[in-house]
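Residue numbers (my numbering): 40 to 485.
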């Protein structure tokens, strides 16, 4: 007994459990590679680790890499050597994260300077490198299943492309992603396969979850997830909240365009770890399940509506389960988070006004955030710094910008993708069909 006590005292381990069962504990490695617990919950840490006070007080003097390493270390603990974790983080954060002042102490944190021009590059690049490390140790092969409403698929495709031992299968809703998003997630080939599903994102996500819970299938194929249901997606999304905060003299208010709510959940967890944040704003589009919950205490899922901010077209956000784990009542959640909703007309109006008045171009998702931020600022009459998370480059939504007569130059990095051939397999939103295809893909007898 003394040996085990001494072992755990000398080693730093963080365990994880399902949101539905806090008794059964998993290592970081198991949580990442499994992706989803068998009880259909989501993995969460057994406790919220706290940031050291001197780290928070000296945040402004730290580099982005130092900030990210300190946060990640709290969850990765001793399962990955410090030198390798530092290498993973350095290889993840290879692009700028500008904090741009728009007007009146309202900022846009530009998270779209990565390879696929969306904030999800942070999570995909970090996760790919973490998984690769663990798989190389055990010489395993794994199949990543991911449902996407737009940007997740392209970020995962880029992050995992050509990685040995990892197959990636992306489910995306037919006709509900932008043309550039579709090119980004369907043109890689090699170990990346895109399935064009005849349905909406919620159907894609439901199929992925059901496949994870299929015991017989999982005995034949090692499956994992790269959606924000995977805890490895949330950890790197914590980084940029602290990176933004280091540039500000006051505790910020963060306004987060929200679809599956992984981005917001990452910020909420970091605030519970000790990052001083005044408040959070959940910016929703017409798929307003969370907004209605905050307003009425009633959580009711309606049919998904196609909007101009397509990556947020989610009616049943998975990460709501993690938000309930953080705050065990409606009252506590409402104290931390304000919620607003936008229509497509609001999005187009915000894009036009910000371009004409401040010479800045918003993508439709960041425009949802801007609309919410303006509503909050008017209601609360606050002069505190208000940071909108700029989730995607506007070039990804040229067809939306054309509606308001805005033209934008195509970045050189994007041009080659436009001329690549789309490679996708069209399938019905039917789990048995997709399960059969998966088994055939892996040359397993159906």
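No residue lacks a Cβ here, since even glycine has one placed at the ideal position from N, Cα and C.
- When the Cα atoms are used, residue 100 and residue 327 turn out to be separated by approximately 39 Å.
- In the displayed model, residue 466 falls within a strand according to three-state DSSP.
- The three-state reading of DSSP puts residue 295 in strand, counting E and B together.
- With contacts defined as CB atoms closer than 7 Å, residue 171 and residue 241 fail to qualify as a contacting pair.
- For residue 205 and residue 229, the gap between their C-alpha atoms comes out near 11 Å.
- If you draw a straight line from the Cα of residue 448 to the Cα of residue 195, it is about 25 Å long.
- Here residue 52 is exposed. Its C-beta has fewer than 16 other C-beta atoms within 10 Å.
- With respect to the 7 Å criterion, residue 466 and residue 234 are classified as neighbours on the basis of their beta carbons.
- Here residue 80 has 57, 58, 59, 60 and 360 as same chain residues with Cβ atoms under 7 Å from its own Cβ, once five neighbours each way along the sequence are excluded.
- Going by DSSP, residue 322 is part of the beta strand (DSSP E) stretching over 318-323.
- Across the set 125, 412 and 367, the C-alpha of 412 shows the shortest separation from the C-alpha of residue 386.
- Take residue 318, set aside five residues on each side of it, and the residues of its chain with a beta-carbon closer than 6 Å to its own are 292, in chain order.
- The beta carbon of residue 181 sits closer than 8 Å to the beta carbons of 72, 170, 174, 204, 205, 206, 261, 262 and 263 from its chain, once the five residues preceding and following it are set aside; these are given in chain order.
- Annotation for residue 256: the continuous alpha helix (DSSP H) segment containing it runs 254-259.
- A Cβ-Cβ distance of about 16 Å is found for the pair residue 431 and residue 410, leaving them out of contact under the 8 Å criterion.
- The C-beta distance from residue 270 to residue 55 rounds to 7 Å, short enough to fall under 8 Å.
- Straight across, the Cα-Cα distance linking residue 423 with residue 461 is about 46 Å.
- Between residue 216 and residue 184, the C-beta gap is not smaller than 7 Å, which leaves the two residues out of contact.
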